[in-house]
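For the protein sequence lines, the chains are A and B, in the order given.
As numbered in numbering that gives the first Met the number 0, residues 0 to 172 make up the first sequence, in order.
As numbered in numbering that gives the first Met the number 0, residues 0 to 137 make up the second sequence, in order.
Here a beta-carbon is modelled for each residue, glycine too, at the ideal position from N, C-alpha and C.
Scroll down for the structure; my scribbles are underneath it.
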Amino acid sequence: MNNFEVKIWDDERRFCTFYTVQFEDSDENETDKFFIRFDNFPTYESATQALLSFILLSIGDDHGAIDELLNRYEEEVIGLPVKGRVKLGEFTYNYPDFPLRIYVLKITDEIVVLFNGGIKDGPTNMESSLHHNWVEACEFARRIIDGIKDGAVVVDEVNRNLLNGKGTEEIFL
Amino acid sequence: MRSKVADRILSKTPEETKIFARLYSDLIMHINRIIKEKGYSQKSLADKMEKSPSEIHKWLSAEHNFTLRSIAKLQAELGEELLIVPVRKPVFEFNSKFVKTTYSVTVYSQTTSVPDKSESWTEAEPVVDSSKELKNAA
């Protein structure tokens with residue numbers, strides 16, 4: 000995987016700071032690419048709007064990145080939106096069947112890194128066109144987690160920030 | 000700092016889409032809190048409703064959308080309000096006839112409890128005497 004920057008995507012939400020990733024040789028970050036792509040696709044326009052509302056409003060402004068809303072664990076990353084069959088204890092609830100999936104890495108309840116995603120056109124990541132996006136998201140996540148472990152990425156929970164090892168905001172991995 | 004792409008999409012997102020996303024998450028959180036507090040399990044709820052666990056599972060399966068009726072059923076079984084709809088009724092009306100222009104003021108009070116995020120209203124207890132002079136009561 001090429002080098003990439005971990006950068007702020009939205010730090011103005013009430014309960015959560017959202018980061019994204021951008022390859023060094025790319026003009027756009029991966030999350031903007033995802034939303035631009037599907038916002039321009041008439042079939043998925045309303046799903047795109049619903050997913051964005053869920054991320055920025057439900058997670059960002061109302062509840063934070065709590066486990067009840069980030070419950071679709073897929074190896075190193077989490078898939079959004081909240082799982083179609085939300086299981087709370089013994090109960091299962093239905094969320095509208097979403098055709099889209101975006102992958103995220105939860106750092107804390109207040110810091111989330113958003114990646115890219117795609118269309119859920121198969122029963123599993125392995126069997127759908129999401130496979131490439133999921134593999135890439137897992138690699139991003141591994142590099143970020145390794146960065147946190149070795150000090151290249153510092154989690155500032157007080158300010159809801161990610162910093163590099165020198166205490167500034169430019170994070171290249 | 001905010002993503003311009005996200006801002007653009009959110010600005011054209013219908014209000015109902017935003018409301019639904021927030022309501023759904025709020026409801027999930029609220030139900031989850033109640034279930035944890037009450038320590039419910041599928042079996043205990045089945046016993047309470049005098050149904051089999053499999054019937055409860057079916058009732059709460061992924062095919063079961065959150066309709067008003069299903070919310071009402073859940074509310075009945077959990078014994079806690081899940082959805083509160085504020086009801087407004089007029090407390091008093093004031094019509095001034097002392098000036099050429101007639102003014103009318105109607106004060107409503109909230110008759111049901113409201114979630115923490117909403118404004119709280121306290122009901123006014125106006126006293127109107129025979130000369131139609133208003134006295135405010137705390």
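Taking the alpha-carbon positions, what's the residue i to residue j distance?
i      : j      : result
G78/B  : F3/A   : 51 Å
G83/A  : A140/A : Caution applies to G83/A, whose pLDDT of 49 falls short of 50 and renders its modelled position unreliable; the value that the coordinates give is listed next. Their backbone Cα atoms lie some 23 Å apart in a straight line.
L161/A : Y18/A  : 9 Å
S10/B  : G164/A : 37 Å
I83/B  : Y23/B  : 14 Å
Y43/A  : F37/A  : 6 Å
I70/B  : L81/B  : 7 Å
E76/B  : E67/A  : 22 Å
S53/B  : S43/B  : 12 Å
I27/A  : I30/B  : For clarity, residue 27/A is Glu in the given sequence; the question names Ile instead. Going by the C-alpha atoms only, they are around 39 Å apart.
L59/B  : E23/A  : The pLDDT assigned to L59/B is 46, lower than 50, so where the model puts this residue is not dependable; a value taken from the coordinates is nonetheless given after this. Those two C-alpha atoms are separated by around 47 Å.
R142/A : P13/B  : 37 Å
I7/A   : E168/A : 9 Å
L50/A  : H131/A : 20 Å
R12/A  : R7/B   : 16 Å
D25/B  : T66/B  : 15 Å
T47/A  : Y39/B  : 35 Å
K72/B  : S45/A  : 30 Å
A5/B   : L79/A  : 16 Å
H63/B  : G166/A : Because the pLDDT at H63/B is just 43, under 50, the model does not fix this residue reliably, and the value given afterwards should be weighed accordingly. Taking the straight line joining both Cα atoms gives about 49 Å.
R21/B  : I144/A : 30 Å
M0/B   : E36/B  : 38 Å
V127/B : R68/B  : Only weak support exists for where V127/B lies, its pLDDT of 47 falling under 50; the value from the coordinates is given anyway. Between V127/B and R68/B, the C-alpha separation is close to 43 Å.
Q21/A  : S52/A  : 22 Å
A137/B : F40/A  : Note on A137/B: pLDDT 39, under 50, position unreliable in the model; the coordinate value appears next. Each residue's alpha carbon lies about 57 Å from the other.
M28/B  : W133/A : 28 Å
V154/A : T107/A : 9 Å
R100/A : V111/A : 16 Å
Give every residue of the same chain whose Cβ lies closer than 8 Å to the Cβ of residue i, excluding the five residues on either side of it in the sequence, and list them in chain order.
i      : result
D120/A : P98, S127, S128 and L129
E109/A : F14, C15, T16, G63, A64, E156 and R159
V150/A : Reading off the sequence shown, one finds Gly at residue 150/A, where the question assumed Val. Same-chain partners within the cutoff: G164.
D61/A  : R13 and F14
T148/A : The sequence shown places Lys at residue 148/A, rather than the Thr named in the question. No residues qualify anywhere along the chain.
Q74/B  : E80, L81 and L82
Within the present structure, is the beta-carbon of residue i separated from the nearest heavy atom of the ligand PLP by less than 8 Å?
i     : result
T66/B : No copy of the ligand PLP appears in this structure; indeed no ligand is present at all.
Who are the near neighbours of residue i in its chain, counting only those whose CB is closer than 6 Å to its CB and skipping five residues on each side?
i      : result
L87/A  : No answer about L87/A holds up, because its pLDDT of 42 lies below 50 and its placement is not dependable.
M0/A   : E138
G146/A : V152 and L172
D10/A  : T16
A136/A : V76, Y102 and F114
E74/A  : C137
Beta-carbon of residue i versus every beta-carbon of chain E: anything under 9 Å?
i     : result
I27/B : Annotation note: the requested chain E is absent from the structure, which comprises protein chains A and B.
Which partner residues of residue i appear in the DSSP bridge assignment?
i      : result
Q74/B  : Paired residue(s): none; Q74/B is not in a bridge.
D155/A : N160/A
E4/A   : Q21/A and F171/A
H21/B  : Just to set this straight, residue 21/B is Arg in the shown sequence, not His. Beta-bridge pairing links R21/B to no other residue.
K105/A : V111/A
R1/B   : D9/A
I118/A : L99/A
L26/B  : Answer is none; L26/B lacks a bridge partner.
T16/A  : I110/A
Q78/A  : Position check: residue 78/A holds Gly in this sequence, whereas Gln was assumed. In DSSP, G78/A forms a bridge with Y102/A.
Give me, in chain order, the residues of the same chain whose beta-carbon lies closer than 7 Å to that of residue i; leave out the 5 immediate sequence neighbours on both sides.
i      : result
G170/A : The sequence shown places Ile at residue 170/A, not Gly. Once the five neighbours on either side are set aside, the close Cβ partners of I170/A are E4, V5, V152, L161 and N163.
K3/B   : none
I33/B  : L77 and E79
S25/A  : none
E89/A  : Residue placement at E89/A is poorly supported in this model, since its pLDDT is 39, which falls under 50; the coordinates still yield a value, given next. Hits under 7 Å: none found.
query: Between the region 106 to 115 of chain A and the region 14 to 33 of chain A, do at least 3 Cβ pairs fall closer than 8 Å?
result: yes
message: I'd like to know if the region 53 to 67 of chain A and the region 13 to 32 of chain B are in contact, where contact means that at least 3 CB-CB pairs between them fall below 8 Å.
response: yes
- request: Could you please tell me which residues of the region 2 to 26 of chain A, in chain order, have their CB closer than 7 Å to any CB of chain B?
  value: I7, W8, D9, D10 and E11
field: Residues in the region 13 to 25 of chain B having any Cβ partner in chain A nearer than 8 Å
entry: Of all residues in the region 13 to 25 of chain B, only P13, T16, K17, F19, A20, R21, Y23, S24 and D25 come within less than 8 Å of chain A when Cβ atoms are compared, listed by chain position.
- prompt: In chain order, what residues of the region 105 to 122 of chain A put their CB closer than 9 Å to some CB of chain B?
  reply: none
message: Short of 9 Å Cβ to Cβ, which residues in the region 46 to 66 of chain A face chain B?
response: T47, Q48, A49, L50, L51, S52, F53, I54, L55, L56, S57, I58, D60, D61, H62 and I65
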